[in-house]
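Visitor: In this note's numbering, the protein residues as written are 58 to 139. Here it is, the structure, as structure tokens.
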């Protein structure tokens, strides 16, 4: 599952909607950073109704992870084009 700051319980958006405050790291993050995927060890998913999961209130459908793709197993035979 990809994780985004905007769906983390530690992120707060104050008066300025262009930045978010991370309570875990005690620093401000730009909006573009909050919208990009990361691998933060302090990430905790928000457990609330879907319309309130996004800290910036821009995604009313909430976080919906994409299904993982399964690798195609090659059994050694070449596929036919005909």
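Where is the CB? At the ideal position from N, CA and C, for every residue including glycine.
(1) According to DSSP, residue 94 sits in a beta bridge with which residue or residues?
(2) Kindly indicate which residue of 138, 126, 96, 127 has the alpha-carbon position closest to the one of residue 65.
(3) Within the segment 66-131, note down every full beta strand (DSSP E) run reaching 3 residues or more, in order along the chain.
(4) Less than 7 Å between the C-beta atoms of residue 91 and residue 77, yes or no?
(5) What residues in its chain sit with their C-beta under 6 Å from that of residue 111, if we drop five residues either side in the sequence?
(6) Closest by CA to residue 79, which one among 134, 68, 105?
Guide: Reading from the atomic positions:
(1) Locating residue 94 in the chain shown gives position 37, counting from the first residue. For residue 94, which the question treats as bridged, DSSP gives the partners 61.
(2) Start at 1 with the first residue of the chain shown, and residue 65 comes out as number 8. Ranking 138, 126, 96, 127 by Cα distance to residue 65 puts 96 first.
(3) Runs of the beta strand (DSSP E) inside the segment 66-131: 76-79, 84-87.
(4) The residue you call residue 91 lines up with position 34 of the chain shown. The residue you call residue 77 lines up with position 20 of the chain shown. Going by C-beta atoms, residue 91 is nearer than 7 Å to residue 77.
(5) Counting from 1 along the chain shown, the entry for residue 111 is found at position 54. Once the five neighbours on either side are set aside, the close Cβ partners of residue 111 are 63.
(6) Within the chain shown, residue 79 is the residue found at index 22, counting from 1. Distances from the CA of residue 79 to each of 134, 68, 105 were compared; the closest alpha carbon is that of 68.
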